[in-house]
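S.K.: Pasting a structure here, questions to come.
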Amino acid sequence: MPFRPFLALVLALTLGPTLALPLGAQPPGGVVVSQERLASEAGAQVLREGGSAVDAAVATAFALAVVHPAAGNLGGGGFLLSRPTRGQASFIDFRESAPASAHPRMWLKADGAYDEARHHESLASVGVPGTVAGLREAWRREGRLPWARLVAPAVRLAREGFALSENQAASLAEQLPAFARHAPTLAQFSREGKPLRAGDRLVQRDLARTLQRLAKDWTDFYRGRTAALIVRDMAANGGPITAQDLRGYRPVRREPLRGTYRGFELLAAPPPSSGGQVLIESLNILEGFDLKAAGSGSPAAVHLGAEALRRAFADRAQFLGDPASAGDIPLARLLSKAYAAELRATIRPDRASASDPSRFTWEPDRPHTTHLSVLDRAGNAVSLTYTLEESYGLKRIVPGAGFLLNNELGDFNAVPGLTDATGRIGTVPNLARPGRRPLSSMCPVILVKGGSVVMVSGSPGGRTIPATVLNTVLNVVDFGMGARAAVDAPRFHHQWLPDRIQVEADLPAATREALKAMGHTLKEVPKQGCAQVILVRGGQAEGAADTKRWSDSGVASE
Ligand code: DON
-15 MPFRPFLALV LALTLGPTLA LPLGAQPPGG VVVSQERLAS EAGAQVLREG
35 GSAVDAAVAT AFALAVVHPA AGNLGGGGFL LSRPTRGQAS FIDFRESAPA
85 SAHPRMWLKA DGAYDEARHH ESLASVGVPG TVAGLREAWR REGRLPWARL
135 VAPAVRLARE GFALSENQAA SLAEQLPAFA RHAPTLAQFS REGKPLRAGD
185 RLVQRDLART LQRLAKDWTD FYRGRTAALI VRDMAANGGP ITAQDLRGYR
235 PVRREPLRGT YRGFELLAAP PPSSGGQVLI ESLNILEGFD LKAAGSGSPA
285 AVHLGAEALR RAFADRAQFL GDPASAGDIP LARLLSKAYA AELRATIRPD
335 RASASDPSRF TWEPDRPHTT HLSVLDRAGN AVSLTYTLEE SYGLKRIVPG
385 AGFLLNNELG DFNAVPGLTD ATGRIGTVPN LARPGRRPLS SMCPVILVKG
435 GSVVMVSGSP GGRTIPATVL NTVLNVVDFG MGARAAVDAP RFHHQWLPDR
485 IQVEADLPAA TREALKAMGH TLKEVPKQGC AQVILVRGGQ AEGAADTKRW
535 SDSGVASE
């Protein structure tokens, strides 16, 4: 439906301040939101030159691999959700895959005991990286500008360097002890072992050369010099990834998960992510409650939201894994409105229910991941989340190639059958197998109404990701917030086990007290996630970057 200013004004006057601007209608210009302003700007410049949303996302993602080494990457993987104005929405799964030698007991010592360091901190935790192949696949289908043009800003930022922000300098300094375990990594991210300071230039020459090779020929990563550097490092240090593993890596095009919420269509991440399942299942449950009447940040809204998440996360634990080999995932049932009604009926409005800890427990969250949202002037949208798993992944660069390796295989279950109080789960769908992709929580999402994109959202934060995205969706759809308020409002999260609601510290004290009185245990955190949101309201695209936890986050407009 075309946007009508008069109608907007009438709606604004009749509906009052919360819905002052109607959602929808075509944006006049494009927007890029990411965790680093320099990377958002690289994407926006691509839009100015006539690039598509996918072009901008590719340029932003490559730039993040340079200016946000904590999570932007070449050596990791992720998911790209694209919703072009014309044509089909698509989802590219470029999640890392397990090498051919992987098996469920690969993180056990000879005596059968679980070796946590091997699972999370060794070359045996590295998945075959998918980022370069995934970005290339997106570009092949929906790119407009030359590939090399999209890699160019990253090459320049790596070769010429960039001045470190306070954020970046502090983040690198914090990791110095970990980098110090590997001389080439320490050399890249410090000044001869001393911390870099805000304002210092970070020049990454090896990374610049790698990017330059990829600009000419992306297959270099999987079968050229870059592949050879990875394989040499693996072979020299007992790592399992082989030349065949790299050659065999393929991104997978999948159908996005689809749902509806109060008249909005949702496009979200399918398995091997659990992000879409948790988000859509939770929203289906919540659709039966009047959250708007309860109000944002109210005890009822947080209680019901947490109870919905609790149930969706229990199903995640039981059923989700790589769809290629994890057996049947009963997605149709999990995402049905009828099943949501059954679950809703088990929620008491005034009382916390209990998670059954005899089923499984969870590992603590490990930062870090990053999300970017793009909307171009034609209304094409991209929602992209990618990761190295932990902050700076394995905290180890590939010598000579200058990029960090992921430790994504840590997302596989640790030990078959072992479920214990330290937070491990041992269910079958997420055990390591050759080529299998570890279960993820990443949750890039796009909301559509009347045929047009109205919202793009996503966040880092491990298992808190679908909850953070849920918060942004509720803030817009139920509470009528604009993008800025939707990002800034205090967030909550529940993941079934541990049985507690995680809340941001600025959730009103009265709400926290009321939740405790209902029987909830609360865990207070300063901040949760780092959501990058675009909203289309009143014919304008509003970008809101999340600066709560990472002040470099920024919006760049076409
Ligand atoms: O794929 C996943 O769900 C995790 N590897 C993501 C890790 C993460 O988001 C930590 N971020 N803050």
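Position 403 of the sequence shown, counted from 1, bears residue number 387 in the working numbering, the numbering being contiguous throughout. Note that beta-carbon positions come from the ideal geometry of N, C-alpha and C, so glycine has one too.
Buried or exposed for H504, going by 16 or more other Cβ atoms inside 10 Å?
M.R.: With 16 or more other Cβ atoms within 10 Å, it is buried.
S.K.: Would you mind giving the Cβ-Cβ distance between L191 and V116, rounded to the nearest angstrom? I have them listed as a contact below 8 Å.
M.R.: Their Cβ separation, rounded to whole angstroms, is 13 Å, which puts L191 and V116 out of contact at 8 Å.
S.K.: Express the C-alpha separation of P161 and I381 in angstroms, rounding to a whole number.
M.R.: Spanning the two alpha carbons is a distance of roughly 15 Å.
S.K.: So V461 and F248 are supposed to be a Cβ contact under 8 Å. How far apart are they, rounded?
M.R.: That pair is a contact at about 6 Å.
S.K.: Given 8 Å as the limit, is there contact between the segment 439 to 447 and the segment 505 to 524, that is, 3 or more CB pairs closer than that?
M.R.: Enough Cβ pairs lie closer than 8 Å, so yes.
S.K.: Going by the CB atoms, is the gap between P113 and E80 shorter than 8 Å?
M.R.: Taking 8 Å as the Cβ cut-off, E80 and P113 qualify as a contacting pair.
S.K.: State the CB to CB distance for the pair G394 and E373, rounded to an integer number of angstroms; the pair is presumed to be in contact (CB under 8 Å).
M.R.: The pair is a contact, with the Cβ atoms about 6 Å apart (cut-off 8 Å).
S.K.: So is the beta-carbon of G445 under 7 Å away from any non-hydrogen atom of ligand 1?
M.R.: Checking every heavy atom of ligand 1 against the Cβ of G445, one is found closer than 7 Å.
S.K.: Which class does S74 belong to by DSSP, given the choice of helix, strand or coil?
M.R.: Reduced to three states, the DSSP call for S74 is strand.
S.K.: Along the alpha helix (DSSP H) that carries R140, what are the first and last residues, could you check?
M.R.: R140 -> alpha helix (DSSP H) spans 131 to 144.
S.K.: Please determine whether the Cβ atom of S155 lies at a distance below 7 Å from any heavy atom of ligand 1.
M.R.: Checking the Cβ of S155 against ligand 1 gives no.
S.K.: Is it buried or exposed for K321, if we count other Cβ within 10 angstroms and need 16 for buried?
M.R.: K321 should be labelled exposed.
S.K.: Apart from the five residues just before and just after P348, which ones in its own chain have a Cβ nearer than 6 Å to its Cβ?
M.R.: At P348 the pLDDT is 42, less than 50, meaning the model places this residue with poor confidence and gives no usable figure here.
S.K.: Go ahead and label H87 buried or exposed: buried means 16 or more other beta carbons lie within 10 angstroms of its beta carbon, across all protein chains shown.
M.R.: It is exposed - the Cβ of H87 has fewer than 16 other Cβ atoms within 10 Å.
S.K.: If you drop the 5 nearest sequence neighbours on each side, which residues of the same chain put their C-beta closer than 6 Å to that of A284?
M.R.: These residues qualify, in order along the chain: A278.
S.K.: Suppose the cutoff is 6 Å on Cβ atoms and the five residues either side in sequence are ignored; what does the same chain contact list for P351 look like?
M.R.: Confidence is the limiting factor: at P351 the pLDDT is only 48, short of 50, which leaves the residue's position unreliable and the question unanswerable from this model.
S.K.: What residue range does the alpha helix (DSSP H) around L315 cover?
M.R.: From DSSP, the alpha helix (DSSP H) with L315 extends over 315 to 318.
S.K.: Quick one: does the C-beta of D334 sit closer than 7 Å to a heavy atom of ligand 1?
M.R.: No, since every heavy atom of ligand 1 falls outside the 7 Å radius drawn around the Cβ of D334.
S.K.: Is E347 helix, strand or coil by DSSP?
M.R.: Because E347 sits at a pLDDT of 44, beneath the cut-off of 50, its placement in the model cannot be relied upon, and the point is left open.
S.K.: For ligand 1, any of its heavy atoms closer than 7 Å to the Cβ of M465?
M.R.: No - ligand 1 has no heavy atom lying nearer than 7 Å to the Cβ of M465.
S.K.: What residues in its chain sit with their C-beta under 7 Å from that of S36, if we drop five residues either side in the sequence?
M.R.: Here the set comprises E126, G127, R128, D360, N364.
S.K.: So, with DSSP's three-state summary, where would you put A405?
M.R.: Legend: pLDDT at A405 = 47, less than 50; position of this residue unreliable, value from coordinates given subsequently. DSSP places A405 in coil when its eight states are reduced to three.
S.K.: So does H352 have its beta carbon nearer than 7 Å to some heavy atom of ligand 1?
M.R.: Yes; taking the cut-off as 7 Å, the Cβ of H352 has a heavy atom of ligand 1 nearer than that.
S.K.: Going by other Cβ atoms of all chains shown within 10 Å of its Cβ, with 16 needed for buried, is K507 buried or exposed?
M.R.: Exposed, by the Cβ-count rule.
S.K.: Within 10 Å of its beta-carbon, does V487 have 16 or more other beta-carbons around it, so buried, or fewer, so exposed?
M.R.: Buried, by the Cβ-count rule.
S.K.: First and last residue of the alpha helix (DSSP H) that includes H287?
M.R.: Residues 283 to 303.
S.K.: Between the alpha carbons of G523 and N391, how many angstroms are there, rounded?
M.R.: Computed Cα separation, rounded: 42 Å.
S.K.: Examine the Cβ distances between the segment 235 to 248 and the segment 209 to 216 and report whether three or more of them are shorter than 8 Å.
M.R.: The segment 235 to 248 is not in contact with the segment 209 to 216.
S.K.: Smallest Cα separation from L388: which of S24, L107, T44?
M.R.: Comparing Cα positions, the closest option is L107.
S.K.: What residue ranges within the segment 418 to 458 form continuous beta strand (DSSP E) runs of no fewer than 3 residues, ordered along the chain?
M.R.: 429 to 433, 436 to 441, all fully within the segment 418 to 458.
S.K.: In three-state DSSP terms, what is T115?
M.R.: In this structure, T115 counts as helix in the three-state DSSP scheme.
S.K.: Which word fits T495, buried or exposed, when buried means at least 16 other C-beta atoms lie within 10 angstroms of its C-beta?
M.R.: Buried: at least 16 other Cβ atoms inside 10 Å.
S.K.: Nearest to A122 by alpha carbon, out of R143, V366, I449, I269?
M.R.: Nearest C-alpha to A122: V366.
S.K.: Using 7 Å as the cut-off, classify the Cβ of E373 as near or not near the heavy atoms of ligand 1, replying yes or no.
M.R.: Under cutoff, so the answer is yes.
S.K.: Quick check: does the Cβ of E121 come within less than 7 Å of any heavy atom belonging to ligand 1?
M.R.: Not so, every heavy atom of ligand 1 lies at least 7 Å from the Cβ.
S.K.: Kindly indicate the opening and closing residues of the beta strand (DSSP E) around T226.
M.R.: Taken as a continuous stretch (DSSP letters only), T226 belongs to no beta strand (DSSP E), as it is neither H nor E.
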